[in-house]
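Under the working numbering, the residues of the sequence shown are numbered 73 to 189, in order.
Beta carbons are placed, not taken as given, at the ideal position from N, Cα and C, and that holds for glycine.
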Amino acid sequence: MFGVFSMWMFGIMTYLLPRIYGRPWYSNKLLEWHFWLSAVGVFVMFLDLGLAGVFQGYYWSAMEPWDAMLRGSMPFWITRVFAGLAMFGGFICFCYNIFMTFSGAPAQATRSAAATA
């Protein structure tokens with residue numbers, strides 16, 4: 073669910089929040105970090121959960137004992153922790169960027185002077 077709906081919401085918020093409140097983002101670099109940490113974390117989590125499911129299916133079809141399946145799953149758990157930390161780090165970057173964007177002074181509206189001929 074994080075991979076689809078949360079990324080949609082992050083994209084919508086990234087687009088709409090500056091337009092609604094009239095303030096530019098505090099840091100575009102933080103937005104990039106948020107995107108890449110979240111995207112890589114989701115992709116690694118997707119691969120990890122898919123491979124873990126295939127391995128567990130093979131363990132079950134081979135009638136291996138439960139503890140053997142658990143021992144075989146441990147590397148996937150470790151990978152999942154790092155993928156989750158990447159997603160969490162991206163979320164922290166986004167929250168910090170939102171906080172700093174709205175705690176600062178509002179952006180000055182620039183008016184272009186009409187050219188006279």
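If you compare the alpha carbons of Gly161, Phe166, Gly156 with that of Ile84, the shortest gap goes to Phe166. Scanning Phe171, Tyr93, Met117, Phe82 for the CA closest to the CA of Ile150 turns up Met117.
DSSP, read as helix, strand or coil, puts Ala155 in helix.
Shortest Cα-Cα distance from Phe115 to any of Phe171, Glu136, Arg152 involves Arg152. Burial check for Gly122: the Cβ neighbour count within 10 Å stays below 16, so the residue is exposed. Assigned with DSSP and collapsed to three states, Arg143 falls in helix.
By the neighbour-count criterion, in which a residue is buried when 16 or more other Cβ atoms sit within 10 angstroms of its Cβ, Gly129 is exposed. Between the beta-carbon of Ser99 and that of Asn169 there is about 6 Å, and that keeps the pair under the 8 Å contact cut. Residue state for Pro90 is assigned as helix, using DSSP reduced to three classes. Taking C-alpha positions only, Met141 is separated from Trp108 by approximately 33 Å.
Burial is judged here by how many other beta carbons sit within 10 angstroms of a residue's own beta carbon; Ala155 has at least 16 and is buried. Short of 7 Å from the beta carbon of Leu103, and not among the five residues preceding or following it, lie these beta carbons of its own chain, in chain order: Thr86, Trp97, Asn169.
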